[in-house]
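Protein chains in written order, with my numbering: chain A, 1 to 134; chain B, 135 to 268. Idealized CB from N, CA, C, for every residue including glycine. The structure presented is a predicted model; accordingly, all values stated were derived computationally and were not measured.
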DNA sequence: ACCATGAGTAACCTAAATGTTACTCATTGA
DNA sequence: TCAATGAGTAACATTTAGGTTACTCATGGT
């Protein structure tokens with residue numbers, strides 16, 4: 001079983017699809033109809049989202065009569081998790097400023113978390129989304 | 135600092151953007167030009183990607199003369215990592231079949247990882263991407 | 001046997017994302 | 001001082017994603 005990171009990350013990029021995974025963790029074996037009842041979009045759109053999730057192997061299903069039972073497959077998420085453990089655990093052990101290894105003289109009040117302002121003083125770029133999602 | 139999961143996952147959905155983050159882990163402080171040299175797309179497209187990454191707070195930058203120095207900010211990734219640790223570590227402790235808690239009599243040879251075939255026998259849906267990416 | 005139901009696809013439309021070229025401005029180096 | 005360089009934006013075009021309605025087919029229940 002080989003996982004496609006492009007497919008996995010693309011599948012996770014939409015809030016409704018992440019929500020679907022959460023629902024399938026809470027209630028394994030949901031039908032398409034039962035899953036659709038949690039979303040405002042059409043049943044056909046839920047089917048489209050499921051197709052994206054299935055392509056990433058995040059959801060597997062089995063037919064039970066006219067219904068299809070849906071299950072969350074954690075393996076792709078685990079794959080990313082393991083990779084992130086390898087890649088980033090060193091920087092996570094350090095503090096946030098560690099990201100700027102060569103930075104000298106960081107001053108209080110610096111807006112380091114925002115993209116650098118350009119010389120023109122224009123500041124209205126890379127909008128600062130502050131609401132937490134999923 | 136509040137992170138937006140929609141923005142973070144959307145930023146990670148494109149292979150080039152994930153590649154940019156990897157490059158910035160390997161070489162903190164890269165300029166836009168240096169970063170652009172690793173990609174086939176135009177410098178302006180790299181700037182657009184950086185704008186998406188900055189909006190998700192995955193990249194922070196500081197001006198150094200006419201150049202902009204770019205740094206990877208691991209906090210948003212850590213946020214997802216921590217959430218996944220909470221949400222999925224129980225199912226990861228179990229085996230893959232644990233995802234089908236109510237499933238009985240799983241037969242060898244079953245294509246369980248594929249989306250269920252419909253009654254028509256059509257099998258050409260939810261294409262089976264087998265190449266590993268990122 | 002027949003109606004209801006669950007599921008899947010086709011066709012269509014809109015919005016968002018991806019990508020390019022041309023131009024402008026600030027900084028650096030000679 | 002001036003040319004070269006790094007960076008950012010505007011405008012445009014194409015592709016992809018998100019979403020709906022209508023229709024079809026298999027299965028379940030009466």
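Coarse secondary structure for residue i, derived from DSSP in three states
i, result
"residue 66(A)", "coil"
"residue 79(B)", "Nothing can be reported for residue 79(B), as the shown portion of chain B is limited to 135 through 268."
"residue 6(A)", "helix"
"residue 12(A)", "helix"
"residue 122(A)", "Confidence in residue 122(A) is poor, its pLDDT being 33 and thus under 50, which makes the residue's placement unreliable; the coordinate value appears in the next sentence. Three-state result, residue 122(A): coil."
"residue 114(A)", "Residue confidence for residue 114(A) is low, a pLDDT of 34 falling below 50, so the modelled location carries little weight and cannot support an answer."
"residue 241(B)", "Note that residue 241(B) has pLDDT 31, beneath the 50 cutoff, so the model's placement of it is unreliable and the number below is only indicative. Correct three-state label for residue 241(B): coil."
"residue 102(A)", "Summary for residue 102(A): the model assigns pLDDT 39, below 50, so the residue's position carries little reliability; its value from the coordinates is reported in the next sentence. Residue state, collapsed to three classes: coil."
Segment limits, alpha helix (DSSP H) that includes residue i
i, result
"residue 53(A)", "43 to 55"
"residue 16(A)", "15 to 26"
"residue 40(A)", "Note, residue 40(A): premise wrong, no alpha helix (DSSP H); not H, not E."
Which residues DSSP lists as bridging residue i, in chain order
i, result
"residue 61(A)", "70(A)"
"residue 135(A)", "Coverage of chain A is limited to positions 1 through 134, which leaves residue 135(A) absent and any answer about it impossible."
Beta-carbon separation (whole angstroms), residue i vs residue j, contact threshold 8 Å
i, j, result
"residue 12(A)", "residue 23(A)", "Not confirmed; about 15 Å, so no contact."
"residue 183(B)", "residue 150(B)", "6 Å"
"residue 53(A)", "residue 20(A)", "7 Å"
"residue 68(A)", "residue 32(A)", "6 Å"
"residue 29(A)", "residue 70(A)", "7 Å"
"residue 144(A)", "residue 211(B)", "Because chain A here runs from 1 to 134, residue 144(A) falls outside it and cannot be looked at."
"residue 197(B)", "residue 9(A)", "Rounded, the Cβ-Cβ distance is 30 Å, inconsistent with contact."
TODO: Note down, in chain order, all residues in the stretch 165 to 189 of chain B with a beta-carbon under 7 Å from any beta-carbon belonging to chain A.
DONE: 185, 188, 189
Can you give me, in chain order, the residues of the stretch 55 to 82 of chain A that have a beta carbon less than 7 Å from any beta carbon in chain B? 55, 57, 60, 61, 62, 63, 68, 71, 72, 73, 74, 75, 77, 78, 81
Practice problem: With 7 Å as the C-beta to C-beta threshold (strictly closer), list the residues of the stretch 6 to 17 of chain A near chain B in chain order. | Solution: 6, 7, 9, 10, 12, 13, 15
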